[in-house]
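If you're matching positions, the sequence shown starts at 1 in our numbering and goes up one per residue. C-beta: ideal position from N, C-alpha, C; glycine also. All of these numbers come straight from a predicted model, not from anything done at the bench. Worksheet: the structure to be examined is printed underneath.
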Amino acid sequence: MNCKIGIRGLSNGEHPFHFKVDGSFFEAYESDTVSDAELDINVLITKEPGRMSLDLGITGDVTVKCDRCLADLKIPVDIQVPFSVMFSSYAEDAEEGVSDEVILLDGSSSEIDLGQIIYDYVNLSLPIKKVHPDGECDPVMMEKLKDILK
C-alpha cells in the first residue's frame, strides 16, 4: 500500500489528498493486532514560504480479535492529527528536541511517506481491552470458557 505523497513542486496553498487503506496495509507491516481495515485517509498539506503543515485524518473501521471470545470485532477509528513538517540537511542532529507532531525530512526529500505514521496512530487509538459489548461475544466460545473456569 503506497502512502507516499509527492511534495516537490507543490505550490503555496492548500493541497488535499485522499486514499484508502485496507487489510493489506496492515499485512505489509506484519500486524498481529489488526486483521482487516476499511479506512479513509484524508491529508491536507498547507505549504507556505519556508514551512509546511500537514493535517492527517483517519476514519473508518478496523477488525481485531476480541480479547474474550477471539471472534472478529470491528472498532471505529476517528483520528485527527496536525503535523508541522521540518526540513533539515542534518536530520539526525535536528531530531533532538523534536516532538511527535513534527515530521522531520531531509532537505532533499521529494515525498512524505505516511505509512508508518498511519500504522502507529491507528494502533495507538485502539483500546487496551478489545471486547464485544456484554452479550455479543461468540456464545460457543463463552460456553467453553465457562466450562474451563468451573
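Tell me whether K20 sits in a helix, a strand or coil according to DSSP, three-state version. Translated into the one-based positions of the sequence shown, residue 20 becomes position 20. The three-state reading of DSSP puts K20 in strand, counting E and B together.
What three-state label does DSSP hand V62 in the structure shown? The residue given as residue 62 occupies position 62 in the sequence shown. It is a strand residue.
Cβ-based neighbour list, H18, same chain, cut-off 8 Å, excluding 5 preceding and 5 following: To locate residue 18, count along the sequence shown from 1; it is residue 18. Closer than 8 Å at the Cβ level, and outside the excluded window around H18, lie D40, I41, N42, V43.
Candidates C69, D78, S11: which alpha carbon is nearest H132's? Taking the first residue of the sequence shown as position 1, residue 132 is located at position 132. Cα-wise, what sits closest to H132 is C69.
For K4, which residues in the same chain have their Cβ closer than 8 Å to its Cβ, ignoring the five residues on either side in sequence? Position 4 of the sequence shown holds residue 4. E111, I112, D113, L114, G115.
Taking 7 Å as the cut-off, decide whether the C-beta atoms of V81 and V62 are in contact. Working through the sequence shown from its first residue, we reach residue 81 at position 81. Working through the sequence shown from its first residue, we reach residue 62 at position 62. Going by C-beta atoms, V81 is not nearer than 7 Å to V62.
By DSSP, does A37 sit in helix, in strand, or in coil? Working through the sequence shown from its first residue, we reach residue 37 at position 37. In the structure shown, A37 sits in a strand (DSSP, three-state: E or B).
Local Cβ density within 10 Å of L149, reported as buried at 16 or more and exposed below that: By one-based count along the sequence shown, residue 149 stands at place 149. Result: exposed.
I128 bridges to which residues according to DSSP? Counting from one through the sequence shown, the residue named residue 128 turns up at place 128. I128 pairs with nothing; no bridge assigned.
Close-in-space but distant-in-sequence residues of the same chain around E101 (CB under 8 Å, 5 per side omitted): Walking along the sequence shown from the start, residue 101 turns up at place 101. So the qualifying residues of the chain are V81, P82, F83, S84.
Pairwise C-alpha distance: K130 and G60: Stepping through the sequence shown from its first residue, residue 60 is reached at position 60. Stepping through the sequence shown from its first residue, residue 130 is reached at position 130. Whole-angstrom Cα-Cα distance: 17 Å.
Bridge partner(s) assigned by DSSP for E14: Here the question's residue 14 lines up with position 14 in the sequence shown. DSSP, once it has assigned bridges, lists T46 as partnering E14.
Per-residue burial, A37 [other beta carbons within 10 Å of its own, 16 or more giving buried]: Here residue 37 is taken as the residue at index 37 of the sequence shown, counted from 1. Taking all protein chains in view, the Cβ of A37 is crowded by 16 or more other Cβ atoms within 10 Å, so the residue is classified as buried.
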